[in-house]
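A short write-up of the structure that comes next.
Number of protein chains: 2
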Amino acid sequence: MKKYCFGADIGGTTVKFGLFDSDGIVLEKWEIPTRTEQEGAAILPDMAASIREKIQEHGLNTDEIAGIGVDVPGPISEDGIVPHTANLGWGYKEVTRELSELTGLPCRAGNDANVAALGEMWLGGGKGYTNVLMITLGTGVGGGIVVNGKILTGAHGAGGEIGHIHVDDTIEECCGCGNKGCLEQFASATGIARLGREILEESDQPSIMRGQEMSAKLVFDSVKEGDELAIRTAEVFGQYLGKAVAGMTAVLDPEIIVIGGGVSKAGPVLLDYVRKYYRPCAFKSAKDTPFALAELGNDAGIYGCAKLILG
Amino acid sequence: MKKYCFGADIGGTTVKFGLFDSDGIVLEKWEIPTRTEQEGAAILPDMAASIREKIQEHGLNTDEIAGIGVDVPGPISEDGIVPHTANLGWGYKEVTRELSELTGLPCRAGNDANVAALGEMWLGGGKGYTNVLMITLGTGVGGGIVVNGKILTGAHGAGGEIGHIHVDDTIEECCGCGNKGCLEQFASATGIARLGREILEESDQPSIMRGQEMSAKLVFDSVKEGDELAIRTAEVFGQYLGKAVAGMTAVLDPEIIVIGGGVSKAGPVLLDYVRKYYRPCAFKSAKDTPFALAELGNDAGIYGCAKLILG
Chain B
11 MKKYCFGADI GGTTVKFGLF DSDGIVLEKW EIPTRTEQEG AAILPDMAAS
61 IREKIQEHGL NTDEIAGIGV DVPGPISEDG IVPHTANLGW GYKEVTRELS
111 ELTGLPCRAG NDANVAALGE MWLGGGKGYT NVLMITLGTG VGGGIVVNGK
161 ILTGAHGAGG EIGHIHVDDT IEECCGCGNK GCLEQFASAT GIARLGREIL
211 EESDQPSIMR GQEMSAKLVF DSVKEGDELA IRTAEVFGQY LGKAVAGMTA
261 VLDPEIIVIG GGVSKAGPVL LDYVRKYYRP CAFKSAKDTP FALAELGNDA
311 GIYGCAKLIL G
Chain V
11 MKKYCFGADI GGTTVKFGLF DSDGIVLEKW EIPTRTEQEG AAILPDMAAS
61 IREKIQEHGL NTDEIAGIGV DVPGPISEDG IVPHTANLGW GYKEVTRELS
111 ELTGLPCRAG NDANVAALGE MWLGGGKGYT NVLMITLGTG VGGGIVVNGK
161 ILTGAHGAGG EIGHIHVDDT IEECCGCGNK GCLEQFASAT GIARLGREIL
211 EESDQPSIMR GQEMSAKLVF DSVKEGDELA IRTAEVFGQY LGKAVAGMTA
261 VLDPEIIVIG GGVSKAGPVL LDYVRKYYRP CAFKSAKDTP FALAELGNDA
311 GIYGCAKLIL G
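Here the protein sequences line up with chains B and V, keeping their order. Numbering-wise, our numbering comes out as the position in the first sequence, counting from 1, plus 10. Numbering-wise, our numbering comes out as the position in the second sequence, counting from 1, plus 10.
Written as structure tokens, this is what we have:
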């Protein structure tokens, strides 16, 4: 019986680790810097050294370790190969094969947004379900889809790239992806701040947001104060996201929709604005599909990585 | 070694059957009427009798038969239970259990649109792939999603209900589902005919479509003749469907998109109009995802049913 596993969430600045027991109890969490110089050549060796150190510290026997789950900030195939991960410096890399050779342990890997969805399904906002649509509202908009307990990876590792659903024909600015009118341009922290600025500029109504640095947090904090222009901003955000989520549920018919990422710290009020526009556009059998807030925060990645191994 | 299986595609007026060998060669196809009176009580017994008859006719041994795959025109759970299937007269029904008891053979079941997608993946327009998005443009717009060779059923059996993706905020008529602005209202045979009528009414330009009964077929036939108003109709159809398909591929990242149903008989020209609006809105890794026309026509159901059994 394997008693332990490691989760390793590789980000552009740090690699977050967790040592888990087979019940999902995290025994220790730690992190190391992500050394992206020289095409990120040191990242996997650094990780292997850190894991070996923890194995020694805890006096573990490698026979007791089920493996290492890893996530990366970009597309990765089901067999753990990345074509190119810009913010790690990597070109083509066989992540799981290399890390497995470096550590002597079995490895599995996934994309960070997808793996976070798996973590939230296991022990977070989607606990108790096996069909989960997770939406991450951060600097961008990411997504992760879990179908019958398994990540939907997609043909190019781009399953769940819901931030790039086309939702608007009028915007003139380009999205980071090169297209125009992506959901990310209206529902990310950056997008909400832009909407807020536009609504302030177009109106001469008073607002507690005036004179402050615009952000998604400011918008939702001001909504809670009853600020009319903040409420107008939240309505526009809710329209774009609510209708898009309704479309996603017509495709996927999940059991639950989990919303996470920095923007979700606004709390239940955010879900109210999304649901308001979701319900009229959702297919009848999905109108009552529950929404939940993510619960694992920045730890969703390491939990999901552990779940990749524990299955 | 099981040598044979049956596929049974239950529709509102007929049940289509196929007897297949394990290579997917269809040995015989036939159909019987669907007797929907008295809450459709006779449907499964009629099917069982017809299958028993064929077993005798072909002198088959039941040990050689892997089972019966069935599809139904409505939501059905993964364990073969329908809550209610209006156009068969059924209320709650344990389809696979009942048919299995009536025939003594293992049964598996799925929703018709999903099973058709499985058939097209196996031996039709999606042959050679295991991740397929199938779109059926008929009286309505249906869909079927295959992920790693398995149907995406969804929590309420409504996976792939892509006809009800919200795509328009201005239409005043209701969709059959009760919402307004569903894809089906713009991309089904009915929807295309409505678009064609509106475009004829709004213009006083000449058109070969004038004075004829409007239909999706008339629109695409007239497109091939270079008729300007028909082309304008096809453009509007292409915009709605192309953008919606781009959104679906941002969610699913399939290997191939297969378009079937009566409207797809228009041929490659239809794909041209869809692709024109798909590409600018598709996420970068999905811009070159191939489109194909369905190949199995009305037989997609029985092929998919067989594949449910052959796995």
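Don't be surprised by glycine CBs; every beta carbon is placed ideally from N, CA and C.
Judged by beta-carbon spacing, residue 165 of chain V lies within the 8 Å limit of residue 264 of chain B, meaning their Cβ atoms are closer than that value.
When beta bridges are read from the DSSP output, residue 100 of chain V appears opposite V:95.
Against chain V, the CB of residue 263 of chain B has a partner CB under 8 Å away; the residue lies at that interface.
Within 10 angstroms of the beta-carbon of residue 132 of chain B lie 16 or more other beta-carbons, which makes it buried.
Identification of residues in the segment 164-175 of chain V having a C-beta nearer than 9 Å to some C-beta of chain B yields 164, 165, 166, 167, 168, 169, 170, 171, 172, 173, 174 and 175, given in sequence order. With respect to chain V, the C-beta atom of residue 116 of chain B has no partner C-beta closer than 8 Å.
Contact of residue 155 of chain B with chain V by beta-carbon distance below 9 Å involves 261 and 262. DSSP places residue 259 of chain V in the uninterrupted alpha helix (DSSP H) bounded by 238-262. By the rule that beta-carbons nearer than 8 Å mark a contact, residue 257 of chain V touches chain B. Cα atoms of residue 125 of chain V and residue 311 of chain V: separation of roughly 6 Å, rounded to the nearest angstrom. Pairing residue 283 of chain B with residue 245 of chain B gives a Cβ-Cβ distance under 8 Å. The segment 42-59 of chain B and the segment 99-115 of chain B touch, with no fewer than 3 CB-CB distances between them shorter than 8 Å. The count of Cβ pairs closer than 8 Å, one atom from the segment 69-78 of chain V and one from the segment 87-101 of chain V, stays below three, leaving the stretches out of contact. DSSP places residue 121 of chain B in the uninterrupted beta strand (DSSP E) bounded by 117-121.
Per DSSP, residue 43 of chain B lies in no alpha helix (DSSP H) segment; the continuous beta strand (DSSP E) that holds it begins and ends at 36-43. In terms of CA proximity to residue 304 of chain B, B:144 leads the group B:144, B:28, B:17 and B:113. Collapsing the DSSP output to three states places residue 180 of chain V in coil. Annotation: the segment 180-204 of chain V contains the following complete segments of the alpha helix (DSSP H) (minimum length 4 residues), in chain order: 194-197. Annotation: the continuous alpha helix (DSSP H) that includes residue 56 of chain B extends over 53-67. Interface criterion met: the Cβ of residue 189 of chain B is under 8 Å from a Cβ in chain V. The CB of residue 97 of chain V never comes closer than 9 Å to any CB in chain B; the least such distance is about 16 Å.
Proximity to residue 151 of chain B across B:33, B:88, B:68 and B:201 peaks at B:201, based on C-alpha coordinates. Within the segment 72-106 of chain V, those residues whose Cβ lies closer than 9 Å to any Cβ of chain B are, in chain order, 85 and 88. A residue is called buried when at least 16 other Cβ atoms come within 10 angstroms of its Cβ; residue 83 of chain B meets this threshold and is buried.
Comparing alpha-carbon positions, the option among V:177, V:156, V:179 and V:182 lying closest to residue 170 of chain V turns out to be V:156. The criterion of a C-beta distance shorter than 8 Å is not satisfied by residue 217 of chain B and residue 231 of chain B. Contact check between the segment 242-261 of chain B and the segment 275-295 of chain B: three or more CB pairs, one atom from each, fall below 8 Å, which counts as touching. Annotation for residue 301 of chain B: the continuous beta strand (DSSP E) segment containing it runs 301-303.
Between residue 162 of chain V and residue 30 of chain V, the alpha-carbon positions lie close to 24 Å from each other. Under the DSSP assignment, residue 106 of chain V falls in the alpha helix (DSSP H) whose first and last residues are 105-113.
In this chain, residue 288 of chain V is not harboured by any beta strand (DSSP E); it is covered by the alpha helix (DSSP H) spanning 278-291. For residue 16 of chain V, the closest alpha carbon among the candidates V:51, V:34 and V:193 is that of V:34. Minimum Cα-Cα distance from residue 136 of chain B among the listed residues B:269, B:320, B:45 and B:254 corresponds to B:269. At least one beta carbon of chain B lies nearer than 8 Å to the beta carbon of residue 253 of chain V. Approximately 28 Å separates the beta-carbon atoms of residue 142 of chain V and residue 61 of chain V; this is outside 8 Å, ruling out the contact.
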